[in-house]
Amino acid sequence: MAIFGPPGRDTFLARLRFGYRRFAAQAARPGVPRFHRFAGKRRCQCPGLDHADHEQRGVEAPAGGDAIRPGDLSAGHDPGEKPVPAGTLNPVGPSAPTHHQHIGEFSVTLSKRALFLIFPVVLLGYLLAALSVYFAQERSIQALEKAKLSQRLEHAGAVFQNEVQRSKSFLNALLNGNVLRQFVAETDERYRVTALGARLQESIKSLSEDPIAYISFAILNSKAEPEYYYENGWDPFAEIDEPQRDLARKLLAGKRLSDLTYLEPTGDRPRIVFSLFVDPVTFGRPMPSNKANALLMQIAVLPDRFLAMQAALKKEYGADIVLQPWPLAVTDRLSAGTPLGTQLYATIVVPDAYFEAEVLRRKVLLACGALAMSLISIFLIVLLIRRFITGPIASLDADVTAVMNGERDDIRDMDEAGEIGRLTHNIRELHGQSAHSLRLVQQNSWTDTLTGINNRGRFNALAAGVVEEAVASGEKCSLLFIDIDNFKFVNDKHGHDVGDDLLKTLAVRIGQTVEAITRRRQLEPAILARLSGDEFAVLVRSNPGEGTIREISNAILALFDGGFEVSGKSYPVTASIGVAICPDDATNIAELISNADAAMYQAKSGGRNRSSRFSRALHDKRTRLRQIQEELRGLDPDEQFRLVYMPIVNVRGQVTGCEALLRWHSPILGAVTPDEFVPIAESSGLFTKIDWWVINKAMSDCGQLKALFGQDTVLAINISSAELHSHALGDYLSDCAARHQLEPQSIDIELTETFAVKISDQLRQNIDELRHKGFRLSIDDFGAGYTSIQQIIDYAADTIKLDRALVTNLTASHSLSVLKAVVALCHAKDMAVIGEGVDTPEKLAMLTAAGCDRFQGYLISKPLSLDDLAIWALTRTAQHVKDRPADERSVSARRSSSREARR
1 MAIFGPPGRD TFLARLRFGY RRFAAQAARP GVPRFHRFAG KRRCQCPGLD HADHEQRGVE
61 APAGGDAIRP GDLSAGHDPG EKPVPAGTLN PVGPSAPTHH QHIGEFSVTL SKRALFLIFP
121 VVLLGYLLAA LSVYFAQERS IQALEKAKLS QRLEHAGAVF QNEVQRSKSF LNALLNGNVL
181 RQFVAETDER YRVTALGARL QESIKSLSED PIAYISFAIL NSKAEPEYYY ENGWDPFAEI
241 DEPQRDLARK LLAGKRLSDL TYLEPTGDRP RIVFSLFVDP VTFGRPMPSN KANALLMQIA
301 VLPDRFLAMQ AALKKEYGAD IVLQPWPLAV TDRLSAGTPL GTQLYATIVV PDAYFEAEVL
361 RRKVLLACGA LAMSLISIFL IVLLIRRFIT GPIASLDADV TAVMNGERDD IRDMDEAGEI
421 GRLTHNIREL HGQSAHSLRL VQQNSWTDTL TGINNRGRFN ALAAGVVEEA VASGEKCSLL
481 FIDIDNFKFV NDKHGHDVGD DLLKTLAVRI GQTVEAITRR RQLEPAILAR LSGDEFAVLV
541 RSNPGEGTIR EISNAILALF DGGFEVSGKS YPVTASIGVA ICPDDATNIA ELISNADAAM
601 YQAKSGGRNR SSRFSRALHD KRTRLRQIQE ELRGLDPDEQ FRLVYMPIVN VRGQVTGCEA
661 LLRWHSPILG AVTPDEFVPI AESSGLFTKI DWWVINKAMS DCGQLKALFG QDTVLAINIS
721 SAELHSHALG DYLSDCAARH QLEPQSIDIE LTETFAVKIS DQLRQNIDEL RHKGFRLSID
781 DFGAGYTSIQ QIIDYAADTI KLDRALVTNL TASHSLSVLK AVVALCHAKD MAVIGEGVDT
841 PEKLAMLTAA GCDRFQGYLI SKPLSLDDLA IWALTRTAQH VKDRPADERS VSARRSSSRE
901 ARR
């Protein structure tokens, strides 16, 4: 029914919408959306909707009424309002339309609208159809005429070219004959003019196909003076005219040796002139340098047939054929063009008036037909609308109006099928369901279904108003972001029912605690909400220096002392609280929540069960992490990354391998440690680019390492745990090793022990593939606390690297027996043991006593570049020679002396 246009108050659809709006307003008064004034603006308290949203949806802010305060701890309703019975549909106020007004106005308005809307549409449709036919015919006629014009012009062009070819043939025949040669070669002027001139004239006549057709032949010297001229015309004493001599002068001054010109002298008939320079000796074309000694011969003919065709075209189309040295330009008008020679084209452009008569006649026919068809169609459509649409709707309108006026309780069933019958049924159902649905929607949209307090949408709407008012007035408000620690453990172990009870109990206790403190301090009620899962938020209007926020935080944390008790049972959960203050930390609710959330994570990282205030240092840390991520996305590893190498020695002090360590110095961020950028790279999916660069760069340096420490030197490369899930890793390692001519056995792939926490089938398959290709595998940072010893031992590896923290703790507590047990367990599984963090002789001695195989740490060497590592190797070799016993040095000296003697 969209054809009836936008509904007004005097139409059925408008009255139906108006009546049910009034009904919904009465039925939903206990939960009607309220508005609260913040900073001089009306603000809707509906969750997630501001005043602009209500304006878009056609809902007006009530001018009066009690506003729900932003300090309410739940989405409750005003208990002082009495609900209107759901069955009441009477509109409030004197503006309710009466039944008789609707019946009198409805059919007239709807019929007029149907006529006013349908008539332009139908007329426009037929006009568009007529225009389509007109344009299609116009294009067809124009294409046909253009093809016809092109064909006729091409025919004329063919006739013209035939005349040109005849002229060329005529001249070639003269050139090939002896008469012209004798005439040119004869030096006796009298004999040449009388005898040879007569013979040449007879040759010209004999070669002419039509003895009465006009033809002229001229021989001109280098000064454009005629040596001979003959014209087959009525004047036996005719001479070459000035336009033809001007053409000769132009050709003599130019560089061309032949020319075809369509000459149109003033007052004379046009003619085709073919000019050719001839060497008087060879009777061929002269060399360009000998053009001055050549004779110019010209043949001129009258293109009678071409001129006749030109006149016929001009008579029919009202346009003349134009001969020009360039082709026809592209135009939308009726036109045609054809080439006549090397630099001569015939073109014709027909005036626009040629089509006017035919176009006018077709326009009149199509316009009259479109108007007649429109009138007939509109008459039939209006009759059908009155019979099948407006009549049933008028009857339904009467019933709806009676229900709205309270004259009847329900709407009568109608025998109509289709949309009208379904509309009647739907309106009847809507009448009984609208009030109940509105109350449920309002209640669910404002409250958290589990705890009964405000949900995120309600909190955002209320808190946004408080923040805006605080920013405008200069006051402060504080947001506490509360997250429950170990809640997932309780939820998984004891079931979701226990988790739900815990959240409901916690919401009540936090509300009671906050309400008691704000009431005692005579503050406005705080806003409490459950944001999601185990996250809660409390917004308090209080200045930080008053101690309110600290008291509330400590009181909430105290709820978890000794565990959180629910239904007589205690559960091991705590709380981490992040605090952000407006406007010190943020000036809008989204930023305030984000900063409080960041402070909460800082509290978690600080040990949990504590509160943390958002600080500038935390902001700078977040900014730096974001900058690191941005720099990682766009950096060139060759420009900013470099590798350093940390030697690994055995119990005899010999270097058995080197571990490649990545260093990054950003021109913007400065030095960035791996602890900073590696987690960011893994979480943002940028680890592949970094790992593959490290693999390629380290393998390219491996040859120099082997040159320093021997061919058995092992290169250790750290690989991200996330990269292990990629099947392409093994292929890339093999390709790099082959490209740098390295054996896979000389490459040690170091994996952090975190890879064994949740090892998948794909991960296990990728690691097995690396071992199958011949690469060594080491488990790095063993003892960092991620996995049990059994998980690591169960997985086969070549080497176990003890974490520096584990080494420090065991050596500090003199737990040699524990260290021996760990090393013995690894040896029992055929795994070598490397002790990391060896920075004191005591650690080295204790690890040696425990049976550790190799050692790595600052006592041996710090990470060095390749150049520094070479210096370190030479210094270490010299020191090793110096520290050898004296008797060993003397034996070595005697061996050297004996070798010298033998030489």
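The numbers in UniProt numbering rise by one with no breaks, and the one at position 570 of the sequence shown is 570. We put the CB at the ideal spot given by N, CA and C, even for glycine. Everything numeric in this text was worked out from a predicted model, so none of it was measured.
Collapsed DSSP secondary structure at residue i in the structure displayed
i: R663; result: strand
i: S865; result: coil
i: K476; result: coil
i: I240; result: coil
i: N426; result: helix
i: G730; result: helix
i: L724; result: helix
i: S335; result: strand
i: C852; result: coil
i: I593; result: helix
i: V133; result: helix
i: D780; result: strand
i: I581; result: strand
i: E743; result: coil
Exposure of residue i, with buried meaning 16 or more beta-carbon neighbours within 10 Å
i: N178; result: exposed
i: Q522; result: exposed
i: D830; result: exposed
i: M287; result: exposed
i: D235; result: exposed
i: V322; result: exposed
i: C368; result: exposed
i: A558; result: exposed
i: L635; result: buried
i: A63; result: In this predicted model, A63 has a pLDDT of only 36, less than 50, meaning its place in the structure is not dependable; the value taken from the coordinates is given anyway. Per the 10 Å Cβ criterion, exposed.
i: D620; result: exposed
Length of the line joining the Cα atoms of residue i and residue j
i: R854; j: V833; result: 6 Å
i: R305; j: A213; result: 12 Å
i: C477; j: E468; result: 10 Å
i: A185; j: E163; result: 30 Å
i: G5; j: N444; result: With a pLDDT of only 38 at G5, under 50, the local geometry of the prediction cannot be trusted, and no value is derived from it.
i: S532; j: N554; result: 23 Å
i: Q310; j: A156; result: 8 Å
i: R739; j: M699; result: 9 Å
i: R550; j: H665; result: 41 Å
i: A716; j: H814; result: 30 Å
i: L661; j: V573; result: 40 Å
i: T282; j: A292; result: 15 Å
i: V672; j: Q629; result: 12 Å
i: L847; j: W872; result: 24 Å
i: I527; j: L539; result: 5 Å
i: I142; j: A336; result: In the sequence under discussion, the amino acid at residue 142 is Gln, which differs from the Ile named in the question. Answer to the nearest angstrom: the Cα atoms are 12 Å apart.
i: L124; j: S374; result: 9 Å
Anticipated Cβ contact below 8 Å, residue i with residue j, distance rounded
i: V644; j: T713; result: Incorrect: roughly 16 Å between the Cβ atoms, too far for contact.
i: G197; j: Y228; result: 7 Å
i: A470; j: P544; result: 13 Å between Cβ atoms; not a contact.
8 Å Cβ shell around residue i - same chain, five flanking residues per side excluded
i: Y732; result: W692 and I695
i: S395; result: M414
i: Y134; result: R362, K363 and L366
i: D500; result: L450
Cβ neighbours of residue i in the same chain (closer than 6 Å, five flanking residues each side left out)
i: E154; result: T338
i: D410; result: none
i: M297; result: I219, L276 and V278
i: S865; result: V644
i: N650; result: T656 and R854
i: I215; result: S208, N232 and V301
Cβ-based neighbour list, residue i, same chain, cut-off 7 Å, excluding 5 preceding and 5 following
i: R271; result: L263, A300, V301 and L302
i: D399; result: I411 and R412
i: R269; result: L302
i: residue 917; result: In the structure as shown, the chain begins at 1 and stops at 903. Residue 917 is therefore absent and cannot be evaluated.
Any non-hydrogen atom of the ligand MN closer than 7 Å to residue i Cβ
i: K488; result: Summarising the ligand content, the structure contains no ligands, and the ligand MN is consequently not present.
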